[in-house]
Structure formats: C-alpha cells, structure tokens
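In our numbering, the protein residues as written are -4 to 384.
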Ligand code: NZQ
Ligand code: ZN
C-alpha cells in the first residue's frame, strides 16, 4: 500500500426530508446565492423545499447552469457574486451545478478577472467563497470531493480543477429528490460511478485488501441495483443505496493508498468537448479499448475483477479478461449506454485521430504508469475487439 494523507471536511446530511436542515446549516448573516440548472428542481419540488428552508435569510438566485457547465455561464454568476457581495453559495442540482459552483466560489474570491487561469494554472487557487450543496443526481461524488470539470465552448476544452479548498462545507443528499430523474440520467449516474471505481481499482496490485473489497462491493451493488432503480423508480431503499454508492465512488476513500488511472476520464472529457456526448457515454466508449490494451499492466487486478465481480474463473488469462470486458460493456448496454461511436453518429476513425492528436499536441501521457501517449489513445479508441462478441 502506498503512503497517503487523507482529509475530507465535508459534512454529509443523508436521508428523507433533510433539505429542511438548510435552516441550521446556512448561517443567518450570510448573503447567499442559490445556483441551479435548467429547471428540474422547479418541477420536482426541490426548489420549493430550498426556498421554504431559507426563509428569513438574504438569498439571491442564479439559474441556467448547463450540463457540462460552461465557463461563460459561470462567469455571469461570478459577476453577480461580486456585484451582490455574496459570501455563501448553495448549489442545488447534479454534478454540473456542483462543479460550476466550485469554480464560481474560486473565481468569486479573486480580484483579477482572468478566471481561466484558475483552471489551467494548477495550484493557484488560494481562497474560495464557502459553499454547500443539495444533490439531486447520484453520479459524480462532487458533493464530497474537491474536483470540478469546466468546459470552454470557444476552445472546445473540458478541463478539471482539483484543489483541497473545493470541498463543500456541507452536502444534503435526500434520495427522494432523485425519483424524478429521467432514466437516461439514472443510467449515466450508474455508468459514471462504475467507471470511477474502476479507475481506482483496476490499476496495480498493491495488496490493498480493504480498498479492493470496498471497490468490489460498490461494483456488485451497482450491477444489482441498476435494473431495479430503473424498473421501480420510487423505491426508496434502491435510490438510497445508489446515492450512497455514487458518493463513495469518487470521494477519495477507495483511492487511499492505491495507484489511480483516470485515463478513461481524461480521454472521455475530450470526446465530450468535441462531440457533445454525455460524460458517461464518453466513458463507455473509451473503457473497453483501454482495458483491453492495458491488459498486461493491469493483469492481476483484471483477473480479480473477473473473478470477484463477474464470477469468471474458467479459461486462460486473455479469455477471462476478454470476458470481463465484454460483460462490462454489456452491463452498460443493459442500462441503455452504448460504447460505440457510431451509435452517437460519430465516425470512429476520424474521432480516434482527432482525440489522439489532442494528447500528442499536449505531449501528455496518461494512466497509472503514464504510458498512454496520444498514439496509444488512437489505438484505444479503435479497439473494439471485446465489444458485443
Ligand atoms: O439542469 P437541470 O434542469 O437541473 O437538469 C439536470 C440535467 O439536465 C437533470 N437532473 C438533475 N437532477 C435531476 C434532474 N432531472 C430530474 N430530476 C432530478 N432530480 O439531469 C441532467 C444532467 O445533470 P448533470 O448535473 O449534468 O449530470 P451529472 O451529475 O452526471 O454531472 C455531469 C458533470 O459532472 C462532471 C462531468 O464531466 C459532467 O460535466 N464530473 C464531475 C466530477 C467531479 N466533480 O468529481 C467527476 C466526474 O467524473 C465528472 O467528470
Ligand atoms: Zn466521471
């Protein structure tokens, strides 16, 4: 196991009817900006619950954060933050709203207006405005991590920020808020969480027994739950278990002391930036080819994954690994998420070339061993040997 330091200050309030705890969680004297997306919270009653729980406090609103939040929309919110001297921000929504608020909290706290620097120059965020969240979509763990991903529509970039100041002060997770999710977003959340776990689990074998069992329990839980949540959307326990699984997929715990990959995410972000596919769809496109091509360096973990998650034990290593990758793709397909470029009307050859070239231009190398070059990215995106056999 590798050495690690762990710090996570986010207070989690989990369960039915918990939005009303905003009354105590939000300081009375603060000037609060409520930030949300395209209006789902007005249809499912979450907005009313938030407004009722903030009565008597000084509250402003900013709406219209889009999926894959854009830099230009966030800047409009930053201007409002500065104009109204906002000193607390409340994100209400899915990962996009939460990520946007993290960036707004950082940009709203700086004097200069070269906000893009906060994203591209690592480590320059020195202070942020306090923020909390009310989560309505289990997927990203943004509610309990210090990461955000912001898209620049002009330059077609989708870039991550990762800074210890970006942990929410609190996050409220009421599984009942997720009853209204469209099936597609439930599926996106399941696949995103699944891949978060694999990015931390399918790496080097470092004899991390507890972390590996945690990861396997999250993966098997997702496999067991996905179908039930989609068939019985108002089943509280399934929603609660899914929300809990998503929380732990990317809040740092399963990644303690292990090697982490994240190449699928980095390649996926570029696919989203270029072609507009959903985050989870991009991951489903990248993952099978990546696992197939990285089968040597990931061999021990891939075999453990095949055995402990899918119960595959028969056959030589390559057969077992191929079967595990195929089962993974079929699981994604079973919730309606295809891993084929053509299903998103994207030409595979063109996409592989274009996305690979981005990494060649940046001279960046991905993966836990930093051995995935832009040329390897092209091979990954064209490798479909294990799909749909
Ligand atoms: O905008 P509204 O109207 O709220 O509608 C949203 C949006 O259309 C809707 N929705 C959310 N909660 C709902 C609901 N509809 C009905 N009922 C509800 N309860 O769902 C749609 C998708 O929302 P979005 O926030 O975009 O989805 P998600 O939570 O999957 O977030 C995706 C974003 O998070 C980033 C992704 O790259 C992407 O930009 N990620 C953030 C990470 C992090 N901060 O750690 C890690 C992830 O790997 C990921 O990269
Ligand atoms: Zn993700």
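Positions of the beta carbon are idealized from the N, C-alpha and C atoms, including for glycine.
From a predicted model like this one, the values you see are computed outputs, not experimental measurements.
Alpha helix (DSSP H) segment containing residue 303, residue limits: 294 to 305
Through-space distance from residue 323 to residue 383, alpha-carbon basis: Summary for residue 383: the model assigns pLDDT 41, below 50, so the residue's position carries little reliability; its value from the coordinates is reported in the next sentence. One C-alpha to the other measures close to 10 Å.
Per-residue DSSP class, three states only, for residue 382: Confidence is the limiting factor: at residue 382 the pLDDT is only 45, short of 50, which leaves the residue's position unreliable, though a coordinate-based value still follows. The answer is coil: DSSP assigns residue 382 none of H, G, I, E or B.
Any non-hydrogen atom of ligand 2 closer than 6 Å to residue 273 Cβ: no
For residue 240 and residue 11, the rounded distance between their alpha carbons: 17 Å
Assigned secondary structure, residue 357 (DSSP; H/G/I helix, E/B strand, else coil): helix
Anticipated Cβ contact below 8 Å, residue 391 with residue 166, distance rounded: Nothing in the structure corresponds to residue 391, since the chain is present only between -4 and 384.
Any non-hydrogen atom of ligand 2 closer than 6 Å to residue 187 Cβ: yes
Residue 291 versus residue 40 - alpha carbon distance: 50 Å
Distance cut-off 6 Å: residue 142 Cβ against heavy atoms of ligand 1: yes
Nonlocal neighbours in the same chain, by C-beta distance under 6 Å from residue 356, ignoring five residues either side: none
Distance, residue 253 Cα to residue 52 Cα: 44 Å
Contact the stretch 263 to 274 vs the stretch 208 to 216: 3+ CB pairs below 8 Å: no
Contact set for residue 374: own chain, Cβ-Cβ below 7 Å, skip 5 residues either direction: 288
Outcome for residue 234 when other beta-carbon atoms lying within 10 angstroms are tallied against a minimum of 16: buried
Chain-order list of residues whose beta-carbon lies under 6 Å from that of residue 178 (same chain, five-residue window excluded): 225
Residue 134 Cβ short of 6 Å to ligand 1 heavy atom set: yes
Contact under 7 Å by Cβ, residue 244 with residue 191: yes
Euclidean distance between Cα positions of residue 104 and residue -1: 30 Å
Nearest-angstrom Cα separation, counted from residue 63 out to residue 381: Legend: pLDDT at residue 381 = 43, less than 50; position of this residue unreliable, value from coordinates given subsequently. Going by the C-alpha atoms only, they are around 29 Å apart.
Boundaries (first-last residue) of the alpha helix (DSSP H) holding residue 320: 312 to 329
Stretch-stretch touch, CB-based, cutoff 8 Å, three pairs: the stretch 84 to 94 with the stretch 133 to 153: yes
Rounded separation between residue 276 and residue 79 - CA only: 38 Å
Reduced DSSP category for residue 208 - H, G, I as helix; E, B as strand; rest coil: helix
Given 8 Å, three or more beta-carbon pairs between the stretch 194 to 209 and the stretch 147 to 154: no
Contacting residues, own chain, Cβ-Cβ under 8 Å from residue 68 (five flanking each side not counted): 59, 60, 61 and 95
Cutoff 6 Å; reference residue 330; Cβ partners in own chain excluding five residues on either side: 182, 185 and 221
Inter-residue spacing [alpha-carbon to alpha-carbon] between residue 111 and residue 333: 33 Å
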